[in-house]
Amino acid sequence: MTLEEVVVAFNATYNLEPVLFRAPARINLIGEHTDYNDGFVMPAAVDRQLFFAIAPNQKNLYELTALDMNESVSISASLDTMPPQGWAKYFYAVLQVLKEQGLALASVSCAFGGNIPIGSGMSSSAALTCGFAFALNDLFDWKMDRLALAKIGQAAEHRVGIKCGLMDQYAVLFGKEEQVVKLDCQSLTHEYAPLRLGDYRLVLFNSMVQHSLADSAYNDRRKSCEAVLDFLHKKIGITSLKALTLEKLSEYESAIDPVAYQRVRYVLEENQRVVAAQKALMTGALTTLGQLMYASHEGLSKVYEVSCEELDFLVDQVRDEAGVLGARMMGGGFGGCTLNLIHVDAIEPIQKKLNKSYDQKFGKKPAMTEVVTANGIGRV
Ligand code: GLA
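Going letter by letter, the sequence shown gives residues 4 to 383 in our numbering.
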């Protein structure tokens, strides 16, 4: 759905003058499952987005319309009704978080739609929560900065979904064209690194699966890393995995549950890969970047254990193809997309190959999306 279509639909539904906002999806170049471990991540906002048309309505009712789904939901401004299901629960959660922060909530009418593939792992929910919070902040002039808005999006996500880190929300708010955001999740400060890909492109292949264990497995990973931190805090006083080296960790190997030990080892190694990837981007070393992506996938699949058969297959299928520099699963795992760095001339043949081989193995085709980096949330 385009911006124009969102405006037309808003006008047809609500008799108000809307303000328009754009909230992008995100990719993550490298640095997976490190955000909730105080580590480094390297996401970017991309040219897939949600558009919001929104206006205060003086009705004491939040009127929300998801145009792509052709569904409308109303929420009483007092938030004293049952939380809605589906996409509207994210709006409700944002409103609850804002209310808890003592903000005077005036009701709005809002229509939104866009072109983020749902369930692809591109964080349509971060676009939704942060886009809505950004729009309200702008409309009512609350003067919250982008970091505060990212935290509101995260708190809303914690209410309805996984105990996520801050990467997705940060990326959709701080993304910049032709840049990736290298975020330090401990200090919550970032630097931009230039994404000069020449003839290479960022291409996503969607596994078209979302395994049901994803949320609980995500929260489990988080817990086991926290348990190791807790243990090491008692032993050596560290308050963050950021303060740990692989060498130091290895001194405690026999005292730590083997699975949890591997999880933390993965996190420390992935942090090193993010730092190496930043260097590679600075010097235009795309081959190195690609190798880091493969290594990241290997760690996610074999050590952190958040991949699945479908994602592993998609990565394995492109590994030896000419024109592919790197590939990895992206996001929380157990489904969603792989991110691939592919030469522009190789995209079509790779897509053909995957369509055939994935279909033979899993009975479906992996939807392909080519993305370029884009600016973070803003008015349009
Ligand atoms: C999901 C979460 C993020 C992050 C990734 C894994 O996308 O929302 O906070 O933890 O998984 O890197």
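Using N, Cα and C, we set each Cβ at its ideal position, and we do this for glycine too.
Just so you know, these numbers come straight off a predicted model, no measurement behind them.
**OP:** With distances taken Cα to Cα, identify the nearest neighbour of V100 among D323, F54, F143 and Q157.
**Re:** Q157
Subject >> S18, buried or exposed, once every other Cβ within 10 Å from all chains shown has been counted against 16 >> reply: The sequence as given places Asn at residue 18; Ser does not occur at that position. Burial call: exposed.
Original post:
Would you say the beta carbon of G38 comes nearer than 6 Å to a heavy atom of ligand 1?
Top reply: For clarity, residue 38 is Asp in the given sequence; the question names Gly instead. Yes, ligand 1 has a heavy atom inside 6 Å of this Cβ.
Original post:
Which residue comes first and which comes last in the beta strand (DSSP E) that contains P87?
Top reply: Looking at the DSSP string, P87 is not in any beta strand (DSSP E), and its letter there is neither H nor E.
Original post:
Since T376 and G178 are thought to touch, with beta carbons under 8 Å apart, how far apart are those beta carbons, to the nearest angstrom?
Top reply: 7 Å
**OP:** Kindly indicate which residue of P352, L342, S210 and P261 has the alpha-carbon position closest to the one of E384.
**Re:** As displayed, the chain neither begins before 4 nor continues past 383, which places residue 384 out of reach and without an answer.
Original post:
D218: which of I241, F337, L252 and L328 sits nearest, CA to CA?
Top reply: F337
Subject >> Outcome for H300 when other beta-carbon atoms lying within 10 angstroms are tallied against a minimum of 16 >> reply: buried
**OP:** Report buried or exposed for H36, applying the criterion of at least 16 other Cβ atoms within 10 angstroms of its Cβ.
**Re:** buried
Original post:
Based on the DSSP secondary-structure assignment, which residues constitute the bridge partners of E74?
Top reply: A69
Original post:
Tell me the DSSP bridge mates of L205?
Top reply: L344 and V374
Original post:
Cβ atoms of N40 and V270: under 7 Å apart, would you say?
Top reply: yes
**OP:** State the start and end residues of the unbroken alpha helix (DSSP H) segment that holds S128.
**Re:** S127 to L142
Original post:
Beta-carbon of G329 versus every beta-carbon of chain D: anything under 7 Å?
Top reply: Of the protein chains in the structure, only one exists, and it is not chain D.
Original post:
For T248, is the classification buried or exposed, using 16 other Cβ atoms within 10 angstroms of its Cβ as the cut-off for buried?
Top reply: exposed
Subject >> For S127, the nearest candidate out of S112, C113, L152 and Y93 (CA to CA) >> reply: Y93
**OP:** Between the Cα of V212 and those of I121, I155 and V76, spot the shortest distance and give me the residue it belongs to.
**Re:** I121
Original post:
Taking C-alpha atoms, which residue in A114, L176 and L295 lies nearest to N60?
Top reply: A114
Original post:
Which of helix, strand or coil does DSSP assign to S112?
Top reply: strand
**OP:** Grab the span of the alpha helix (DSSP H) containing D41 for me, first residue to last.
**Re:** First-last for D41: undefined, no H or E at that position.
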